[in-house]
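J.: Before I ask anything, let me first share the structure, which is written out below as structure tokens.
Set out below in structure tokens:
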């Protein structure tokens, strides 16, 4: 029986790939996208809801979905402050998870980051780690946390610092072997693929998928 997917952040680098895989996967006959901007994608499965996320408590209770895919993310520079960053990267994803669970969702699949830890000295990693801990408490039947390294893909927006970091990571990538291989850049397309692949496998419980595992699963794709 085909399912309904709900995706948040489908206009972003990872979200756009995740959306493509959802629309082309027979496991889903309906894909609901919630986001700030209208997507260019035109597909009979796709239903779009435009929101600035301030009205999630009004929107989500009316949306039934089996699996939720959260690809929300920003930078402190773009958000304007640490508080605004945390709203996008922590508050919105957690609220989506709780509301979706209350409305019957069985699975929650989201993009975290390598090194995520609530005890991290780095604010970005700390926020991601705090979100992971809270999502675990929501207790979905099937939850997948993906921890990619620096993302490799064509962004619509300009992120100069990230671009420099990606170039440096690619330069030293051949030296990253063994346990260090997870620090190699992660293809954004691979992240989107693995989110959908893991969601449709029907594995119960929580899975944390590190960057090198994301690449391994992607290379073995059908």
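Numbering (our numbering), first residue to last: 264 to 485.
Here a beta-carbon is modelled for each residue, glycine too, at the ideal position from N, C-alpha and C.
Would you identify the three-state DSSP class for residue 302, choosing helix, strand or coil?
T.: DSSP places residue 302 in coil when its eight states are reduced to three.
J.: Can you find the residues in the same chain that come closer than 8 Å, C-beta to C-beta, to residue 470, ignoring five residues on each side of it along the sequence?
T.: Counting only Cβ-Cβ distances below 8 Å, and skipping sequence neighbours, we find 406, 407, 408, 461.
J.: Comparing alpha-carbon positions, which option in 453, 380, 382 lies nearest residue 415?
T.: It is 453 whose Cα lies nearest to the Cα of residue 415.
J.: Opposite residue 280 in the DSSP bridges: which residues?
T.: BP columns for residue 280 are empty, so no partner.
J.: If we count the other Cβ atoms within 10 Å of its Cβ and call it buried at 16 or more, is residue 313 buried or exposed?
T.: Classification for residue 313: exposed.
J.: Buried or exposed: where does residue 410 fall if 16 or more other Cβ atoms within 10 Å of its Cβ makes it buried?
T.: So residue 410 ends up on the buried side.
J.: Taking its Cβ as the centre, do 16 or more other Cβ atoms sit within 10 Å of residue 486, making it buried, or is it exposed?
T.: Since the first residue shown for the chain is 264 and the last is 485, residue 486 is missing from the structure and cannot be characterised.
J.: Using only the alpha-carbon positions, how far apart do residue 348 and residue 322 sit?
T.: Whole-angstrom Cα-Cα distance: 22 Å.
J.: How many Å lie between residue 284 and residue 294 at the Cα?
T.: Straight-line Cα distance between these residues: approximately 11 Å.
J.: If we ignore side chains and look at the alpha-carbon of each, how far apart do residue 299 and residue 484 end up?
T.: In a straight line, the C-alpha of residue 299 is about 31 Å away from that of residue 484.
J.: What ranges does the alpha helix (DSSP H) occupy inside the segment 329–403, keeping only unbroken runs of at least 4 residues that lie completely in it?
T.: Runs found: 339–342, 345–349, 355–365, 386–401.
J.: What's the gap between the Cα of residue 338 and the Cα of residue 328?
T.: Spanning the two alpha carbons is a distance of roughly 28 Å.
J.: Give me the Cα-Cα distance between residue 478 and residue 340, rounded to the nearest whole angstrom.
T.: C-alpha separation (whole angstroms): 29 Å.
J.: I need the DSSP call for residue 480, collapsed to helix, strand or coil.
T.: Note: residue 480 maps to helix in three-state DSSP.
J.: For residue 365, I'd like the list of residues in its chain whose CB is within less than 8 Å of its CB, leaving aside the five on either flank, ordered along the chain.
T.: 324, listed in sequence order.
J.: When the Cβ atoms of the segment 344–359 are set against those of the segment 302–321, are three or more pairs found closer than 8 Å?
T.: Segments in contact, yes.
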